Amino acid sequence: DTEVTQTPKHLVMGMTNKKSLKCEQHMGHRAMYWYKQKAKKPPELMFVYSYEKLSINESVPSRFSPECPNSSLLNLHLHALQPEDSALYLCASSQAYNPYNEQFFGPGTRLTVL
Amino acid sequence: EDKVVQSPLSLVVHEGDTVTLNCSYEVTNFRSLLWYKQEKKAPTFLFMLTSSGIEKKSGRLSSILDKKELFSILNITATQTGDSAVYLCAVGNTGNQFYFGTGTSLTVIP
Numbered sequence: 001d002t003e004v005t006q007t008p009k010h011l012v013m014g015m016t017n018k019k020s021l022k023c024e025q026h027m028g029h030r031a032m033y034w035y036k037q038k039a040k041k042p043p044e045l046m047f048v049y050s051y052e053k054l055s056i057n058e059s060v061p062s063r064f065s066p067e068c069p070n071s072s073l074l075n076l077h078l079h080a081l082q083p084e085d086s087a088l089y090l091c092a093s094s095q096a097y098n099p100y101n102e103q104f105f106g107p108g109t110r111l112t113v114l
Numbered sequence: 115e116d117k118v119v120q121s122p123l124s125l126v127v128h129e130g131d132t133v134t135l136n137c138s139y140e141v142t143n144f145r146s147l148l149w150y151k152q153e154k155k156a157p158t159f160l161f162m163l164t165s166s167g168i169e170k171k172s173g174r175l176s177s178i179l180d181k182k183e184l185f186s187i188l189n190i191t192a193t194q195t196g197d198s199a200v201y202l203c204a205v206g207n208t209g210n211q212f213y214f215g216t217g218t219s220l221t222v223i224p
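This is the structure:
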């Protein structure tokens with residue numbers, strides 16, 4: 001199994017809702033990432049988990065809360081989002097957290113905040 | 115400030131043409147440069163380059179890195195409509211950070 005899966009594919013939520021994005025990989029990778037990508041822009045790194053520990057939090061607003069329940073799963077909990085948070089949220093994984101391992105990306109969740 | 119710049123921003127070619135995409139970078143403590151292809155959604159990995167002057171090749175695609183002049187090029191020969199995509203360049207450093215360029219949007223017309 002060489003893929004990263006993400007659910008849901010699409011999500012529409014109001015500013016008062018609480019929702020979660022899920023990501024899963026079964027490649028035995030020990031690093032997992034959340035990226036945010038706006039239209040016609042490159043992916044922006046939000047969070048990195050290495051061996052299930054949060055390694056980077058790129059000053060992301062607290063309305064985004066990551067969770068790594070085990071080495072195969074990564075969640076992103078969303079609460080009180082703003083319309084400008086609408087974007088494609090990509091999950092990725094790599095063998096290890098270093099610059100010599102390519103990242104495998106999931107298909108993304110297209111999030112719309114009303 | 116660390117940055118990765120890709121050029122051109124967009125490109126339209128006819129099938130069969132050869133294209134060259136550029137990625138220049140200013141990243142402290144460089145370790146690797148990666149190329150990805152992004153079609154509808156997920157970027158897919160193409161190449162990783164860590165050493166200057168060594169060409170990586172996969173079918174009609176090839177890439178090379180120049181660590182002295184701080185750039186990489188991605189060549190696609192005999193382009194096909196399936197090559198239409200955004201091509202992203204990312205640079206990794208010793209701090210395990212990855213800096214993405216804004217991408218080059220390639221459209222191949224039949």
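Going down the list, the protein sequences come from chains A and B.
Just so it is clear: in the first sequence, position 94 is 94 by my numbering, and no numbers are missing.
Count along the second sequence from 1, then add 114; that gives the number in my numbering.
Idealized CB from N, CA, C, for every residue including glycine.
This structure is a prediction, so every number in the text was calculated from the model and none was measured.
Closer than 7 Å to chain A by CB, residue i
| i | result |
| --- | --- |
| K155/B | yes |
| F214/B | yes |
| S186/B | no |
| N136/B | no |
| N143/B | no |
| N189/B | no |
| G196/B | no |
| G130/B | no |
Listed by chain order, chain A residues near residue i by CB distance under 9 Å
| i | result |
| --- | --- |
| R174/B | Those within 9 Å of R174/B in chain A number zero; the least Cβ separation is about 20 Å. |
| G167/B | Going along chain A, no residue has its Cβ under 9 Å from G167/B, so there is no contact; the nearest lies around 18 Å. |
Any C-beta of chain B under 7 Å from that of residue i
| i | result |
| --- | --- |
| F105/A | yes |
| G28/A | no |
Check whether residue i and residue j have beta carbons under 7 Å apart
| i | j | result |
| --- | --- | --- |
| V141/B | V205/B | yes |
| L90/A | Y35/A | yes |
| V4/A | S93/A | yes |
| I187/B | L175/B | no |
| K22/A | N75/A | yes |
| P42/A | F214/B | yes |
| E24/A | S71/A | no |
Beta strand (DSSP E) segment containing residue i, residue limits
| i | result |
| --- | --- |
| I168/B | Per DSSP, I168/B belongs to no beta strand (DSSP E) and is neither H nor E. |
| N75/A | L73 to H79 |
| E140/B | V133 to E140 |
| N205/B | The sequence given here places Val at residue 205/B; Asn does not occur at that position. V205/B -> beta strand (DSSP E) spans A199 to N207. |
| K18/A | K18 to Q25 |
| R174/B | Segment: none, R174/B is in no beta strand (DSSP E) and carries neither H nor E. |
| N57/A | K53 to N57 |
| H10/A | H10 to M13 |
Within chain A, partners of residue i - CB distance below 7 Å
| i | result |
| --- | --- |
| S146/B | P99 and Y100 |
| G206/B | P99 |
Residue environment, residue i, which counts as buried when at least 16 other CB atoms sit within 10 Å
| i | result |
| --- | --- |
| Y150/B | buried |
| T208/B | exposed |
| G130/B | exposed |
| D180/B | exposed |
Beta-carbon neighbours of residue i, restricted to chain E and to distances below 9 Å
| i | result |
| --- | --- |
| L202/B | Of the protein chains in the structure, A and B, none is chain E. |
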